[in-house]
Amino acid sequence: MKTVLLSAAVSMFIALFGTPLAIKTFSRRGYGQEIRSDGPAGHLSKRGTPTMGGTVIIIASLTGYLIGHLVTGNAMSASGLLVLFLMTGLGLVGFADDFIKLYMQRSLGLRSGAKLAGQAVVGGVFALLAIRFPDGYDLTPASTHLSFYADFGISIGPVLFVVWVILMVAGTSNGVNLTDGLDGLATGAAILCLAAYMIIGIWQLRNDCTVYLAQACYQVRDPQDLAIVAATVMGACAGFLWWNAPPAKIFMGDTGSLSLGGAIAGLAITTKTELLLFLLGGLFVLITASVVIQVGSFKLTGKRVFRMAPLQHHFELAGWAETTIVVRFWIIAGICVALGLGIFYVG
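In structure tokens, the structure reads:
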């Protein structure tokens, strides 16, 4: 528990005091956000706001994780390192996207195919590594079974497992990316989801089958270290949110949104709560669904269901204040997390 608290505190401290340095550095280099011309008119005033703030979240998370383990002497685990690998790898994909936007001075970066290919490569490598590295109880960081609050059913095999992980990673990272359309919205929602995974990791540790064999125990390889990872990334997000809250002084960019989506997907896979993520990350699912509905409706009928997608922009065009949307969507995210944790506890 000491490592959980120390790692989270260190990452939050680094993000809180490192973000202003990033703001100054990015502003001096002209790394400002480009705004879509067809978006809400109020967003035009945000043009030039420093972006790529996700680099701070990644650096703070990795540093907090490292320092926490070095100080407490707690050993790093394969599961924790793999989740951080997934987070960092997707962050690099997002960084490439952000850099192209800045270099080309446009609101679109990597082509969708190239971005998806990057997500697939990183996700595929993570999947292949996650079913290796068995511990003394022959538990690997992930298993080839589907899971809700634990594994169920028969194994889907390594090939389908890799495909499933790629779909999860791409879906979650793109979901966070779509949510990152208003100041602080994605960061706050990610904090709530990461807090849930910190609680799940601690609960799985207290009811670990390798220590306490019972009907309600959990067969998870490294629950304690997964709680540490969740707390560390959560701490980094909290420090960053201080500067990302409305009106944002810096944006996380695709560097941040893709990396956070990767961290959340990785935690779901390694804690064996893959399908539960659809509820814990309910806000991300809702916002992604709004885009799918909008695109599908327009292609099939030529009509739009929403004024604009993703969903948060629909309410902007309906006249809601940005802070009102952010807070109300945080409430929705909190309700989803509470329901998900309730189901996990009962299960």
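In our numbering, the protein residues as written are 13 to 359.
Idealized CB from N, CA, C, for every residue including glycine.
Check: Cβ separation of glycine 80 and leucine 18, assumed to be a contact under 8 Å, to the nearest whole Å; Outcome: 5 Å
Check: Residue from Ala277, Ala132, Lys315 with nearest C-alpha to leucine 206; Outcome: Ala277
Check: Cysteine 249 beta carbon less than 8 Å from that of leucine 295; Outcome: no
Check: Validate contact between the segment 230-240 and the segment 293-312 using beta carbons, cut 8 Å, 3 pairs; Outcome: no
Check: Supposed contact pair serine 269 and alanine 201 - C-beta distance, whole angstroms, cut 8 Å; Outcome: Alanine 201 to serine 269, Cβ: 11 Å. No contact.
Check: CB contact flag (glycine 213, methionine 24, <8 Å); Outcome: no
Check: Pick from Ser89, Ala21, Gly196, Ser185 that is closest to arginine 144, judged by C-alpha positions; Outcome: Ser89
Check: When Ala108, Gly273, Cys221, Thr244 are compared against glycine 183, the one with the closest alpha-carbon; Outcome: Gly273
Check: Backbone secondary structure at serine 159 - three-state DSSP; Outcome: strand
Check: Contact set for alanine 345: own chain, Cβ-Cβ below 6 Å, skip 5 residues either direction; Outcome: Ala201, Leu204, Leu295
Check: Bridge partner(s) assigned by DSSP for aspartate 220; Outcome: Tyr230
Check: Opening and closing residue of the alpha helix (DSSP H) in which aspartate 266 lies; Outcome: 265-282
Check: Coil, strand or helix - phenylalanine 164 by DSSP; Outcome: strand
Check: Closest by C-alpha distance to alanine 139, when choosing among Tyr161, Gly169, Tyr115; Outcome: Gly169
Check: Rounded C-alpha distance that separates threonine 300 from valine 22; Outcome: 33 Å
Check: Exposure of methionine 13, with buried meaning 16 or more beta-carbon neighbours within 10 Å; Outcome: exposed
Check: Under 8 Å between C-beta atoms of glycine 135 and isoleucine 70; Outcome: no
Check: Burial state of proline 146 (16 or more Cβ within 10 Å); Outcome: exposed
Check: Reference phenylalanine 290; option with closest CA among His157, Leu74, Val338, Ala350; Outcome: Ala350
Check: DSSP state of proline 153 mapped onto helix, strand, coil; Outcome: coil
Check: Endpoints, the alpha helix (DSSP H) within which arginine 40 is located; Outcome: 14-41
Check: Between the CA atoms of threonine 31 and phenylalanine 318 - distance to the nearest angstrom; Outcome: 35 Å
Check: Burial state of phenylalanine 173, where buried means 16 or more other Cβ atoms lie within 10 Å; Outcome: buried
Check: Residue span of the alpha helix (DSSP H) that contains glycine 187, given as start and end; Outcome: 169-191
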